[in-house]
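Number of protein chains: 2
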Amino acid sequence: MTIREDQVKALANETRIEVLRLLDDPSAHFSMQESADPVAVGVCVLLLAEHFSVSQPTMSRHIELLKRAGFIIAKRQQKWTYCSRNEAALTDYAAWLKSSLNIKSI
Amino acid sequence: MTIREDQVKALANETRIEVLRLLDDPSAHFSMQESADPVAVGVCVLLLAEHFSVSQPTMSRHIELLKRAGFIIAKRQQKWTYCSRNEAALTDYAAWLKSSLNIKSI
DNA sequence: TTGACATATAGCGTATTTGCTATTTAACTA
DNA sequence: TAGTTAAATAGCAAATACGCTATATGTCAA
């Protein structure tokens with residue numbers, strides 16, 4: 739599995755796309771998180787699981803795949819794992835897709 | 739299945755990405771096609787299958803998925819089905835991905 | 001040290017994807 | 001009409017993906 743395959747597969751799932759979307763503006767849905775500032779630090783896995791009404795292990799797996807693709811950064815702090823977007827990786831992927839497929843202009 | 743899901747799934751496969759890449763410059767690999775000009779008309783399914791060393795039915799299905807995503811246009815002429823890129827759909831998808839994920843700039 | 005909470009991992013069942021071969025359909029040609 | 005070629009479809013097997021529950025691990029507080 740190349741990184742590009744990982745990235746392409748990571749986006750082949752509505753939940754994971756929506757996670758990336760939510761993490762673009764964590765304050766909109768996760769301002770109730772008290773252990774850490776969702777904007778500055780990230781959103782913990784359990785809050786994401788609850789938001790999507792999936793089990794904690796299921797969300798953990800989604801996060802793992804997004805992490806492997808490089809799209810999110812997960813930092814462990816105390817007992818929480820805080821997730822935030824890796825803007826550089828997202829920009830890079832979009833640029834790769836554009837040039838790789840030779841998409842005219844966006 | 740929404741069109742976006744179809745598109746996202748269509749790109750979740752290396753062969754299909756490569757098909758789109760090849761169809762951007764058909765003359766580079768398919769100039770031997772005699773029944774129709776590969777640039778003007780498109781590339782037939784069997785030539786694509788041979789290029790990837792997959793069976794004709796397998797390539798036929800890849801084409802079907804790319805067609806459903808709107809990424810390629812397949813026009814039947816005599817006994818051949820000629821495939822060409824749908825630039826508008828590719829551009830539209832890239833734009834959607836960019837704005838949907840709020841990717842900064844490409 | 002025990003208990004709790006958040007996360008990660010293991011293991012399982014189901015659904016989907018992807019390849020194949022065999023067959024059918026469509027278009028042509030001798 | 002019979003045979004040939006290109007593509008599509010049906011049906012099957014293997015691999016992957018994705019959800020769950022149960023359990024292990026890590027962190028902390030009483």
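Each protein sequence line maps, in turn, to chains A and B. If you count by this note's numbering, then the first sequence holds residues 739 to 844, one letter each, in order. If you count by this note's numbering, then the second sequence holds residues 739 to 844, one letter each, in order. We treat Cβ as the ideally placed atom computed from N, Cα and C, and that holds for glycine.
So residue 761 of chain A and residue 810 of chain A are in contact, right, with Cβ under 8 Å, and what is the actual spacing, rounded? With 8 Å as the limit, residue 761 of chain A and residue 810 of chain A qualify as a contact, their Cβ atoms being about 7 Å apart.
My output table needs one value for residue 829 of chain A: the three-state DSSP class, helix, strand or coil. helix
Residue range of the beta strand (DSSP E) that includes residue 813 of chain A: 810–815
Quick one: list the residues of chain A neighbouring residue 747 of chain B, beta-carbon separation under 8 Å, in chain order. 750
Using a Cβ cut-off of 7 Å (strictly closer), state whether residue 753 of chain A contacts chain B. no
Answer with yes or no whether the minimum CB distance from residue 766 of chain B to chain A is below 7 Å. Chain A contact via Cβ: absent.
Could you tell me which whole alpha helix (DSSP H) segments of length 4 or greater appear in the segment 755–819 of chain B? Whole alpha helix (DSSP H) segments, 4+ residues: 765–768, 783–790, 794–806.
Within 8 Å, do at least three Cβ pairs link the segment 768–781 of chain A to the segment 811–820 of chain A? Verdict: yes, contact present.
So who's on the other strand from residue 823 of chain A, going by DSSP bridges? DSSP lists A:810 as the bridge partner or partners of residue 823 of chain A.
Using a beta-carbon distance cut-off of less than 7 Å, what residues from the segment 758–785 of chain A approach chain B? 758, 759, 762
State yes or no: is the beta carbon of residue 824 of chain A nearer than 7 Å to at least one beta carbon in chain B? no
Keeping to the same chain, check which residues put their C-beta closer than 7 Å to that of residue 742 of chain B; ignore five residues upstream and five downstream. 834
For residue 839 of chain B and residue 828 of chain A, which I take to be in contact (beta-carbon distance under 8 Å), what is that distance rounded to the nearest angstrom? 6 Å
Is residue 811 of chain A close to chain B, meaning its C-beta is less than 7 Å from at least one C-beta of that chain? no
Using a C-beta cutoff of 7 Å, does residue 836 of chain A count as contacting chain B? With respect to chain B, the C-beta atom of residue 836 of chain A has a partner C-beta closer than 7 Å.
Provide the residue span of the alpha helix (DSSP H) that contains residue 750 of chain B, from first to last. Residue 750 of chain B -> no alpha helix (DSSP H), and no H or E assigned at all.
Just the C-alpha distance for residue 797 of chain A and residue 757 of chain A, rounded to the nearest angstrom, thanks. 10 Å
What residues of chain B sit near residue 804 of chain A, judged by a beta carbon separation below 9 Å? Correct list: empty, because the minimum Cβ distance to chain B is about 12 Å.
Out of B:763, B:824, B:753, B:768, point me to the one whose CA is closest to residue 858 of chain B's CA. Residue 858 of chain B falls outside the range modelled here, since chain B spans only 739 to 844, and no answer is possible.
Is there a Cβ from chain B that is less than 7 Å from the Cβ of residue 841 of chain A? Using a CB distance cut-off of 7 Å, residue 841 of chain A counts as an interface residue toward chain B.
Sequence-distant residues of the same chain with beta carbon closer than 8 Å to residue 755 of chain A, five excluded per side: 749
Please report whether the beta-carbon of residue 832 of chain A lies at a distance below 7 Å from any beta-carbon of chain B. yes
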